[in-house]
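*Asks:*
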Amino acid sequence: MLLRRKEGGADDPEPDACLLWRHVAVQREARPWLSGSRNAKPDPGDLSPTSSWPICGVGQMKNRTIVIAAIAAAAGASFTFAGLTYAQSAQSDASANVATEFSDAQAQDIRKIVEAYIRDNPEVMIESINAYAAQEEDLLLARQEAAQSEAAVYLASDEDAFAAGRAPEKARVAVVEFFDYHCGFCKRASGLVRDLAKSDEDVKVVFRELPILKRESEIAARYALAARDQGKYLDFHFALMRSSGTLTEDRILDIAKKNGLELDALRESAESEAVRVAVDRQRTIASEIGVDGTPGFIIATTDGSHIDLVPGFAPDRVLEAVKKAKEALKADK
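The sequence shown: position 53 = 225 (my numbering), numbered continuously.
(1) So, with DSSP's three-state summary, where would you put residue 384?
(2) At what residue ranges does the region 347-432 contain a whole run of the beta strand (DSSP E), taking only runs of 3 or more?
(3) Anyone know if the C-beta pair for residue 345 and residue 498 falls short of 8 Å?
(4) Between 432, 398 and 284, which lies nearest to residue 440 when the distance is taken from Cα to Cα?
(5) Excluding the 5 residues preceding and the 5 following residue 458 in the sequence, name in chain order all residues of the same chain whose CB lies nearer than 6 Å to its CB.
(6) Among 446, 278, 389 and 368, which one has its Cα closest to the Cα of residue 466?
(7) Please confirm whether residue 472 and residue 479 have their CB atoms less than 8 Å apart.
(8) Look up residue 332 in the DSSP assignment and say whether it is helix, strand or coil.
(9) Can you have a look at residue 437 and say buried or exposed, based on whether 16 or more other CB atoms are within 10 angstroms of its CB?
(10) Give the secondary structure of residue 473 by DSSP, where H, G and I count as helix, E and B as strand, and everything else as coil.
(11) Residues in the same chain with beta-carbon distance under 6 Å from residue 325, minus the five sequence neighbours each way, listed in chain order, please.
(12) Is residue 482 helix, strand or coil by DSSP?
(13) Do the region 302-314 and the region 419-431 meet, that is, are 3 or more Cβ pairs less than 8 Å apart?
(14) Within the same chain, show all residues whose beta-carbon is closer than 6 Å to that of residue 253, passing over the 5 residues directly before and after it, in chain order.
(15) Answer with buried or exposed for residue 483, where buried requires no fewer than 16 other C-beta atoms within 10 angstroms of its C-beta.
(16) Take residue 486 as the anchor and find which of 364, 319 and 320 has the nearest alpha-carbon.
(17) Could you work out which residue in 392, 353, 339 and 401 is closest to residue 371 when comparing CA atoms only?
(18) DSSP beta-bridge partners for residue 147?
(19) Which whole-angstrom value describes the C-beta separation of residue 402 and residue 433, a residue pair presumed to lie in contact below a C-beta threshold of 8 Å?
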């Protein structure tokens, strides 16, 4: 695993649920998606192999997948190269259009050639892995950027979500938070998003449920979305965020009751197909746009012309991204 547990502390509400997302720079060149902003030039100091982001979830699994695929590709390429070399030497007079099939003995010889070559030139394997990983990372980044642009207007809306602010219907910049109610860093981010929702009428916060840490996270997410129907989402959301330990259904309903929610109607809405589909859609979209853990922030103009991704609990980066989004709007005038 490329993840390690964060050390728990007195100010860490859910140490067991949280993991520290470690950056793995597969190339020396800085990658924008690793910097936390697809539009901002990254600080090279942020991309050292020991740097890390406070985030909950499984963000770096894709990096391990890339590396494993790179090793397989490198080995396959070496085998193919050795096979072609063997075939050329064994059948130098054969037509280039004739396909070559290897006997068991020839295949064994090819394997020996590959093993000897890699043993004598190990740097070739490393170079191949790095090149393949960089290529795959470029493709991944391109797909994520395309998905972000395509989904920007949806993400900034309150569809399948809840939008809060001084004037959310007029706000031109949206801070979209993907979160899990069992994520300690999401709990720490609560103050930031609450302040953003109150401080600037040009900014709104869009709350998007991303239950990935526990089975109970799914239950909490559905009940939270259901609270929209009773106009109690925001109070209920922050009450859930203030809680500690596992949010069982009984605890969730107890918190709902204390916040004035009608429980039968809440339960019916939480169990509806519409709420289930809305939660599932958030997981799909988060994966497509590169949000691999919680919290994950998307800062976008509501017209979709500008979008930034900030992974993890990074208040300064979120505020900087909001500033850049506002500047982008001014520049477009």
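Note that the Cβ used here is the ideal one computed from N, Cα and C, for glycine as well.
*Replies:* Result, derived from the coordinates:
(1) Working through the sequence shown from its first residue, we reach residue 384 at position 212. DSSP places residue 384 in the coil class of the three-state scheme, outside both helix and strand.
(2) Whole beta strand (DSSP E) segments, 3+ residues: 375-381.
(3) Residue numbering aside, residue 345 sits at position 173 when the sequence shown is read from its first letter. Residue numbering aside, residue 498 sits at position 326 when the sequence shown is read from its first letter. With respect to residue 498, residue 345 sits close: the two C-beta atoms are nearer than 8 Å.
(4) Your numbering for residue 440 matches position 268 in the sequence shown. Among 432, 398 and 284, the Cα nearest to that of residue 440 belongs to 398.
(5) By 1-based counting over the sequence shown, the position of residue 458 is 286. Once the five neighbours on either side are set aside, the close Cβ partners of residue 458 are 350 and 382.
(6) Along the sequence shown, one-based indexing puts residue 466 at 294. Among 446, 278, 389 and 368, the Cα nearest to that of residue 466 belongs to 389.
(7) On the sequence shown, residue 472 is found 300 positions in, with the first residue counted as 1. On the sequence shown, residue 479 is found 307 positions in, with the first residue counted as 1. Yes, they are a contact pair.
(8) Taking the first residue of the sequence shown as 1, we reach residue 332 at position 160. Residue 332 falls in the coil class under three-state DSSP.
(9) Here the question's residue 437 lines up with position 265 in the sequence shown. Counting the other Cβ atoms within 10 Å of the Cβ of residue 437 gives fewer than 16, which makes it exposed.
(10) Counted from its first residue, the sequence shown places residue 473 at position 301. Under the three-state reduction of DSSP, residue 473 is assigned to strand.
(11) The count along the sequence shown starts at 1 and reaches residue 325 at position 153. In chain order, 476 place their CB closer than 6 Å to the CB of residue 325, counting only its own chain and leaving out the 5 sequence neighbours on each side.
(12) In the sequence shown, residue 482 corresponds to position 310, counting from 1. Judged by DSSP in its simplified three-state form, residue 482 adopts strand.
(13) These segments do not touch.
(14) What you label residue 253 is simply residue 81 of the sequence shown in a count that begins at 1. Because the pLDDT of residue 253 is 49, which lies under 50, any placement of that residue in the model is unreliable, and the question is left without a value.
(15) Here residue 483 is taken as the residue at index 311 of the sequence shown, counted from 1. Residue 483 counts as buried, since no fewer than 16 other beta carbons sit within 10 angstroms of its beta carbon.
(16) Position 314 of the sequence shown, counted from the first residue, corresponds to residue 486. Of 364, 319 and 320, the residue nearest in Cα terms is 364.
(17) As a position in the sequence shown, residue 371 is number 199, starting the count at 1. Among 392, 353, 339 and 401, the Cα nearest to that of residue 371 is on 339.
(18) Residue 147 lies beyond the stretch modelled for the chain, which goes from 173 to 505, so this question has no answer here.
(19) Position 230 of the sequence shown, counted from the first residue, corresponds to residue 402. Position 261 of the sequence shown, counted from the first residue, corresponds to residue 433. That pair is a contact at about 6 Å.
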